[in-house]
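This report refers to the structure that appears directly beneath it.
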Amino acid sequence: MQTSADRQDRHQYPAHWEADVVLRDGGTARIRPITVDDADRLVSFYEQVSDESKYYRFFAPYPRLSAKDVHRFTHHDFVDRVGLAATIGGEFIATVRYDRIGADGLPASAPADEAEVAFLVQDAHQGRGVASALLEHIAAVARERGIRRFAAEVLPANSKMIKVFTDAGYTQQRSFEDGVVRLEFDLEPTDRSLAVQRAREQRAEARSVRRLLAPGSVAVVGVGRTPGGVGRSLLGNIRDAGYPGRLYAVNKVFPDDLKEVDGVPAHRSVRDIDGPVDLAVVAVPAEHVPAVVAECGEHGVQGLVVLSAGYAESGPEGRERQRALVRAARAYGMRIIGPNAFGIINTAPDVRLNASLAPELPRPGRIGLFAQSGAIGIALLSRLHRRGGGVTGVTGVSTFVSAGNRADVSGNDVLQYWYDDPETDVVLMYLESIGNPRKFTRLARRTAAAKPLVVVQGTGTAPQGHTVRATRLPYATVSALLRQAGVIRVDTITELVDAGLLLARQPLPAGPRVAILGNSESLGVLTYDRCLAEGLRPARPVDLTTGATAEDFHRALAAALADGTNDAVVVTAIPAIGEGSPGDAELAEALRSAAAAVPGKPVLVVHVELGGLAAALSAAASTAPGAGDRAPGGTESAASATEATPATEAAPATAPPAAAATQAAAATPAAAAPPAPRTAPPEGTHLIPAYPAAERAVRALAEAVKYAEWRREAADPGKVPEFDDIDEKGAARLIGELLARGEGLTISAAETCELLGKYGIPVRRALPAPTPAAAVEAARALGYPVALKATAPHLRHRADLGGVRLDLADEDQLLRAYTELTELFGRPEELRPVVQGMAPRGVDTVVRAVIDPAAGAVLSFGLAGAASQLLGDMAHRLVPVTDREATSLVRSIRTAPLLFGWRGSTPVDTPALEELLLRVSRLVDDHPEVVAVTLEPVVVAPHGASVLGATVRLAPPPARDDLGPRTLPAY
18 MQTSADRQDR HQYPAHWEAD VVLRDGGTAR IRPITVDDAD RLVSFYEQVS DESKYYRFFA
78 PYPRLSAKDV HRFTHHDFVD RVGLAATIGG EFIATVRYDR IGADGLPASA PADEAEVAFL
138 VQDAHQGRGV ASALLEHIAA VARERGIRRF AAEVLPANSK MIKVFTDAGY TQQRSFEDGV
198 VRLEFDLEPT DRSLAVQRAR EQRAEARSVR RLLAPGSVAV VGVGRTPGGV GRSLLGNIRD
258 AGYPGRLYAV NKVFPDDLKE VDGVPAHRSV RDIDGPVDLA VVAVPAEHVP AVVAECGEHG
318 VQGLVVLSAG YAESGPEGRE RQRALVRAAR AYGMRIIGPN AFGIINTAPD VRLNASLAPE
378 LPRPGRIGLF AQSGAIGIAL LSRLHRRGGG VTGVTGVSTF VSAGNRADVS GNDVLQYWYD
438 DPETDVVLMY LESIGNPRKF TRLARRTAAA KPLVVVQGTG TAPQGHTVRA TRLPYATVSA
498 LLRQAGVIRV DTITELVDAG LLLARQPLPA GPRVAILGNS ESLGVLTYDR CLAEGLRPAR
558 PVDLTTGATA EDFHRALAAA LADGTNDAVV VTAIPAIGEG SPGDAELAEA LRSAAAAVPG
618 KPVLVVHVEL GGLAAALSAA ASTAPGAGDR APGGTESAAS ATEATPATEA APATAPPAAA
678 ATQAAAATPA AAAPPAPRTA PPEGTHLIPA YPAAERAVRA LAEAVKYAEW RREAADPGKV
738 PEFDDIDEKG AARLIGELLA RGEGLTISAA ETCELLGKYG IPVRRALPAP TPAAAVEAAR
798 ALGYPVALKA TAPHLRHRAD LGGVRLDLAD EDQLLRAYTE LTELFGRPEE LRPVVQGMAP
858 RGVDTVVRAV IDPAAGAVLS FGLAGAASQL LGDMAHRLVP VTDREATSLV RSIRTAPLLF
918 GWRGSTPVDT PALEELLLRV SRLVDDHPEV VAVTLEPVVV APHGASVLGA TVRLAPPPAR
978 DDLGPRTLPA Y
């Protein structure tokens, strides 16, 4: 029987069901439960629905809702009857509800696990994916309330709604009776439903970013009446870049008779603009931003770039101001880049948008660039400008986003856009923090399978303005997980650009074998040594001598590329000819023509102060910039060593926009007129990147080799195996019974053995020995030989302290060992001794799994003792782990040779160890309530693996996880 408290809980408002979602067209909506306060909204919404849609919903003409209908559709118990609404601007645009039913189809309560579901979408918003988003959320709510199956009755003519159900990917049954289509489907997520959900997420989030990066009209809000200032500079940057769309200047203090500013139409308010505005760039003081957001929302603006500072980066008051900003924008269906942003850039010829504080549009190219702070964005743009002009010609930026505090649009959203952007071949990201590592890792894995993703990751301390999920994982562990997802992890901006330019203009190497040739023996040897240090397999350098001609370089490079034992070639060159002389162009053409003959292998050049060669390598492909596009400094080589420390790199990450503009002006040459669009290099042409130091070239090549290997392995990731002896339902029942005792608990040794046993993970039995007599009795029960262990926290797993006695063959040895332990460490009640049967000798290892609130479930492996505890030699994989990942996990630690017969020892049974890892992975993947598992030690013998100690911690599963419906970060 339900108590009054139970009934009250059924009616409490479930605030955690509220969520913001991105719709199919890139706009946003808010989904929330319908309450008794929504009666007027519901009536207003229904009045705007067409008669046809009403007929489809109620199977009959239904022009208006009665008072009884309104009461029914707004009064819910949030258990057996639930209604959700999608809202924009606080008004309903769609509703969905379910009613729990029994086997007879009549209203019911638990344990009935089926419900009828019905939707109604306002005609003006049909086709935006609203119903699909609502279905995901109502299904998650139903699962939370114990409902496992939905039933829906739909008229055959209502093809749109039938498609919503059939496209969702759930396991379905369809029947037709009395002129009505009846659909029944299980709510348990399937591989197909997850794939559908994530594909919809990608398309929606990509379109939301595309609306920001390719607007048809832009309004700059905060344009000053006199030259100077952030708003006026922004307006000039957009105009000077050649933006072809409609551009407006907005400032509430403009005189009524002011019609234009710098040739751009001027208005006192966004509301006064005659025509749509797709993007508003906001550069007003923070206290005035709310009024601007309201104006933009009422005018139908699709997105905002907020450069204004004074938000979360300024402290608690600013953080609350930032939350209010995001809530207000999302209420109108708008997305935000910022606040405290540097801006956005799109170099596409039909867009040419420079809505940033950079005074010049970067060179067009195939690199997508993301940064969070303005100072880092300046440094990256400056570096690419110099390297793009002096080394690789037209290698430049496709799109650039500086997200500032990334209160809304984050690196994840931009990654969704770049994933299938045909204008972007390589993605470079400087991430000072990762707000959602679990989602970023998932998106990175998918993106990296299609195009290179190079990342500089912050040190783990997020800037003050960033909202970051708390993680218990060490920084090095998160970095390792990113690498396993295909991310090319580098440490500096220099390495970011070096790797990016190589990947943008050269094919991926087929392996680690490197040929080295050049006119300097010492530079060749230095390159050879760096290749060895980076794990590459270099051939002995070929010395062409300092008298080598361009023809000598051509023949040597052609021979190296034709040699099947080479996967890449590094050419070293020192000044054998005058700076800027025709010989540079001749040498560059010789290298380019040889490389063009074998286009499938990457070629890199290491040069010493050969500015003319660097420029000529670009010109040889007939795509070099014109004379007016020289790198900063005139004749300076863009790849010269002096570029390693640009002044802009020292700029503080929290520099205000006005200061950032000043820095950008110093870092990037001003343009008298917007540069003319450049054509892309001919199909199949690969520009040759040049580097001023061997270590930089080799490091970039090593990253390309590792990435290419990951791509090959990602093509066959393996599978998560099924084990016939796993009792998943039995484990679920046991977990439910144990959790009934409390919110979170570490279960007893006996309960741990029982739970692990249901997943085929036996734990070697250990019996308590509080007295010598109990120890003898335990040994008789287990059989000799036995081990005697102290399990007190300060002695557990500390064999080095003498708290473990092994191979005790008889009662005398056991009693002698018991006496020694108590004499050394204290009374038995302090030691907590146990007796355990001896396991076969082998290598002691440790297996752990943890549910991290940010990264998700992580499986870790290492050798027990000093290797893992002192040296941190642990390897990690995200759960669920495939068979191939388990194999690589065992081999990823530095001490792995100890498992495979190091120095003549007997190799151990690694297949048994891999199976154990897979079973632990299945346990935590199947049961999110299992938040931590530790198996230590796991003794891996030549035949089999024995688990000698185990602990398991349980906790209620999170309300939402990565299998839940699509949502934007909550504010």
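Here the numbering used here = 1-based position in the sequence shown + 17. Quick reminder that beta carbons are idealized off the backbone N, C-alpha and C, glycines included.
The Cβ neighbour count for Gln-339, taken over all protein chains shown within 10 Å, is at least 16; the residue is labelled buried.
In terms of Cα proximity to Pro-897, the closest of Val-737, Leu-490, Ala-420 and Asn-175 is Val-737. With a cut-off of 8 Å on Cβ pairs, the region 254-270 is not in contact with the region 187-194, counting fewer than three such pairs. Within the same chain, and ignoring the five residues on either side of Ala-127 in sequence, the residues whose Cβ sits closer than 6 Å to its Cβ are Gly-163. Beta-bridge partners assigned by DSSP to Ser-450: none are found. Between the region 413-426 and the region 372-385, the count of Cβ pairs shorter than 8 Å is three or higher; the stretches touch.
Under the 10 Å beta carbon count, Arg-403 is surrounded by 16 or more other beta carbons and is classified as buried. Leu-378 carries a coil assignment under DSSP once its states are collapsed to helix, strand and coil. The distance from the Cβ of Leu-40 to that of Ala-212 is about 19 Å, inconsistent with a contact at the 8 Å cut-off. Assigned with DSSP and collapsed to three states, Met-351 falls in coil, not helix or strand. By alpha-carbon distance to Glu-946, the top candidate from His-305, Leu-772 and Arg-781 is Leu-772. Residue pairing by DSSP places Phe-842 opposite no residue, since no beta bridge is assigned to it. Taking Tyr-115 as reference, the option from Arg-49, Pro-982, Phe-136 and Ala-748 with the minimal CA-CA separation is Phe-136.
If you look at Val-941, you'll find it in the alpha helix (DSSP H) that goes 927-943. At the C-beta level, Glu-512 and Arg-728 stay beyond 9 Å of one another. Judged by DSSP in its simplified three-state form, Asp-54 adopts helix.
For Ser-877, the pairing in a beta bridge is given by DSSP as Arg-865 and His-893. Around Ser-877, the same chain offers Arg-865, Met-891 and His-893 as residues with beta carbons nearer than 6 Å, after the five sequence neighbours per side are excluded. Measuring C-alpha to C-alpha distances from Val-301 to each of Ala-326, His-960 and Gly-428 identifies Ala-326 as the nearest. Cβ-Cβ separation between Ser-419 and Ser-373: approximately 7 Å, consistent with a contact (criterion under 8 Å). Residue state for Glu-739 is assigned as coil, using DSSP reduced to three classes. DSSP places Arg-506 within a strand segment (E or B) once states are collapsed to three. If only complete runs of 3 or more residues are kept, the region 108-159 shows the beta strand (DSSP E) at 108-118 and 131-138, in order along the chain. Each of Arg-530, Glu-745 and Arg-822 was checked against the Cα of Ala-719, and the nearest Cα belongs to Arg-530.
Every beta strand (DSSP E) stretch that sits fully inside the region 233-273 and reaches 3 residues is listed by chain position as 234-238 and 263-267. Three or more pairs of CB atoms, one per stretch, sit closer than 8 Å, so the region 843-857 contacts the region 939-959. Residues Met-178, Ile-179 and Val-198 of the same chain have their beta carbon placed closer than 6 Å to that of Val-171, with the five preceding and five following residues left out of the count. According to the DSSP assignment, Val-298 belongs to the beta strand (DSSP E) that extends over 296-299. With respect to the 9 Å criterion, Thr-566 and Ser-537 are not classified as neighbours on the basis of their beta carbons.
Looking at the backbone, the Cα of Pro-526 and that of Ala-550 are separated by about 18 Å.
Secondary structure in the region 499-566: the beta strand (DSSP E) runs of 3 residues or longer, each lying completely within the stretch, are 505-507 and 530-535 in chain order.
The alpha carbon of Ile-155 has as its nearest neighbour, out of Arg-145, Gly-144 and Ala-168, the alpha carbon of Ala-168.
With a cut-off of 8 Å on Cβ pairs, the region 872-888 is not in contact with the region 962-970, counting fewer than three such pairs.
Here the alpha carbon of Thr-207 sits roughly 18 Å from the alpha carbon of Glu-131. For Phe-193, the three-state secondary structure derived from DSSP is strand. Contact check between the region 216-230 and the region 267-279: fewer than three CB pairs, one atom from each, fall below 8 Å, which does not count as touching.
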